[in-house]
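Presented below is the structure to which this report refers.
In the working numbering, the protein residues as written are 462 to 867.
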């Protein structure tokens, strides 16, 4: 035993040069066997589907071909994985392939919709007048070098701005009320909000048309369209903000109360900053719901081919309504303008989304560059102010030590 211990102690460790080159290990969850199984299942499913549709059964549907090939692909993939893995791994791999393929299908559908709208609207989008002119005085047979959708862009921005000015403060206050003031009335309000989430858009337009236009005798305008859009957006924002605020940890509220803050001070300085990103997402969801609505705007804003920048008087058109009206025309140029409106609407939604993420995408307590710069300047001013105070403090300390009066 002693000789063995001496041998172990005196054994020279193997150097890296003697051990050979280091073998790089792959940390990817997808192995070579998985890639081969996916490729084999895909090739086998396509071959079997061609055999079934071309030689065995008289099928000629493209959709049926895709569905049958997908079902065969899942079955073949499960069989190939089962050759090397156990039952639990087979279920895991098959489930992963299914949800990833469904996600890819949704992405392809989105790209197809966006690409088709841009392709059909390409003849109109390539002209500058499409963005700087309106359709006043432009007939259905006019070339694409005349007319544009400036009036629709202005109308959409003004109407969604009015709707956001109404729904954002009301929605956030209602969500805070539902979470911070529980009770029977809060439960009743939450039930009403959940019921209004499924409200058809035409009902919201009819409500504003009956109350604001018929009863109060206001004319069709951008303000009426903004009110109709706010009815559609308000329950979406309240419901999403309610869920977000409910996720704020109660320990943060308790810590604020322990430091002496009141309830509304805690809400303003703790709850809302903590849930800022989620509240921004709630506003985005509401905006996406309202900016693409057509029927409420059709009932409340009317139709106006000319530019009307005053949302308080006169009919005003929006991008969805202009798209609906232009695509319904039998003339190819008008249809191209309609698809151009659709592409422009998607670009506007993307712009609003990016703007909202920039404004509200920072985490709780994270400062912007301007706020950080102001903090640094304030710290420097405090340091300069404190640097002028050591002499009086030293005299006071010395006087206290010696017992004399400074």
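Yeah, the Cβ is synthetic: ideal placement off N, Cα and C, and Gly gets one too.
Note that the structure is a prediction, hence the values are computed from the model and not measured.
Does DSSP put residue 846 in a helix, a strand or coil? Position 385 of the chain shown, counted from the start, is the residue given in the question as residue 846. Residue 846 falls in the helix class under three-state DSSP.
What do you get for residue 596, buried or exposed, if any count of 16 or more other CB atoms within 10 angstroms of its CB means buried? Here residue 596 refers to the residue found at position 135 when the chain shown is read from its first residue. Burial state of residue 596 is buried, judged by a 10 Å Cβ sphere holding 16 or more other Cβ atoms.
My output table needs one value for residue 755: the three-state DSSP class, helix, strand or coil. Stepping through the chain shown from its first residue, residue 755 is reached at position 294. In this structure, residue 755 counts as coil in the three-state DSSP scheme.
Residue 843 versus residue 834 - alpha carbon distance: Position 382 of the chain shown holds residue 843. Position 373 of the chain shown holds residue 834. So the alpha carbons of these two residues sit roughly 14 Å apart.
Run through the segment 573–612 for me and flag every whole beta strand (DSSP E) of 3 or more residues, listed as ranges in chain order. The segment 573–612 contains no complete beta strand (DSSP E) run of 3 or more residues.
Considering only their Cβ atoms, is the gap separating residue 706 from residue 736 smaller than 9 Å? The residue given as residue 736 occupies position 275 in the chain shown. The residue given as residue 706 occupies position 245 in the chain shown. Contact: yes.
Looking at C-alpha atoms only, which residue of 724, 782, 647 is the closest neighbour of residue 639? Start at 1 with the first residue of the chain shown, and residue 639 comes out as number 178. Closest option to residue 639, Cα to Cα, is 647.
Kindly indicate which three-state DSSP category residue 683 falls into: helix, strand or coil? Locating residue 683 in the chain shown gives position 222, counting from the first residue. Residue 683: helix per DSSP, three-state reduction.
Distance between residue 726 and residue 568 (C-alpha atoms, nearest Å): Locating residue 568 in the chain shown gives position 107, where the first residue counts as 1. Locating residue 726 in the chain shown gives position 265, where the first residue counts as 1. Distance between the alpha carbons of residue 568 and residue 726: 43 Å.
Can the beta-carbon of residue 763 be found closer than 9 Å to that of residue 786? Sequence index remark: in the chain shown, residue 763 carries index 302 (1-based). Sequence index remark: in the chain shown, residue 786 carries index 325 (1-based). Judged by their CB atoms, residue 763 and residue 786 are not nearer to each other than the 9 Å cut-off.
Excluding the 5 residues flanking residue 848 on each side, which residues of the same chain have their C-beta closer than 6 Å to its C-beta? Against the chain shown, residue 848 aligns to sequence position 387. Answer for residue 848: no residue qualifies.
What three-state label does DSSP hand residue 558 in the structure shown? The count along the chain shown starts at 1 and reaches residue 558 at position 97. Reduced to three states, the DSSP call for residue 558 is helix.
Check this for me: beta carbons of residue 579 and residue 534, under 9 Å apart or not? Start at 1 with the first residue of the chain shown, and residue 579 comes out as number 118. Start at 1 with the first residue of the chain shown, and residue 534 comes out as number 73. Contact: no.
Span separating the alpha-carbon of residue 686 from that of residue 666: Position 225 of the chain shown holds residue 686. Position 205 of the chain shown holds residue 666. Going by C-alpha positions, residue 686 is about 8 Å away from residue 666.
Anyone know if the C-beta pair for residue 620 and residue 609 falls short of 9 Å? Taking the chain shown and counting its residues from 1, one reaches residue 620 at position 159. Taking the chain shown and counting its residues from 1, one reaches residue 609 at position 148. For the pair residue 620 and residue 609, the CB atoms are not nearer than the 9 Å cut-off.
Output yes if chain B places a C-beta closer than 9 Å to the C-beta of residue 577; else output no. Checking the listed chains, one finds no chain B in this structure; it contains a single protein chain.
Where residue 736 falls: helix, strand or coil (DSSP): In the chain shown, counting from the first residue as 1, residue 736 sits at position 275. Residue 736: coil per DSSP, three-state reduction.
Counting pairs of Cβ atoms below 8 Å between the segment 504–512 and the segment 544–563, do you hit three or more? No, they do not touch.
Is residue 837 helix, strand or coil by DSSP? On the chain shown, position 376 is the one that residue 837 refers to. Helix, per DSSP.
Excluding the 5 residues flanking residue 874 on each side, which residues of the same chain have their C-beta closer than 7 Å to its C-beta? Outside the displayed range of the chain (462 to 867) lies residue 874, so it cannot be described from this structure.
Run through DSSP, which three-state label would residue 764 get? Position 303 of the chain shown, counted from the start, is the residue given in the question as residue 764. Three-state result, residue 764: coil.
Inter-residue CB distance, residue 628 and residue 753 (contact presumed, cutoff 8 Å): Translated into the one-based positions of the chain shown, residue 628 becomes position 167. Translated into the one-based positions of the chain shown, residue 753 becomes position 292. Incorrect: roughly 15 Å between the Cβ atoms, too far for contact.
Would you mind working out which of 541, 492, 811 sits nearest residue 501, comparing C-alpha positions? The count along the chain shown starts at 1 and reaches residue 501 at position 40. Distance from the Cα of residue 501 is smallest, within the candidate group 541, 492, 811, for 541.
Three-pair Cβ contact test at 8 Å for the segment 796–811 versus the segment 573–587: Touching, yes.
Per-residue DSSP class, three states only, for residue 547: For this step, residue 547 is matched to residue 86 along the chain shown. Coil, per DSSP.
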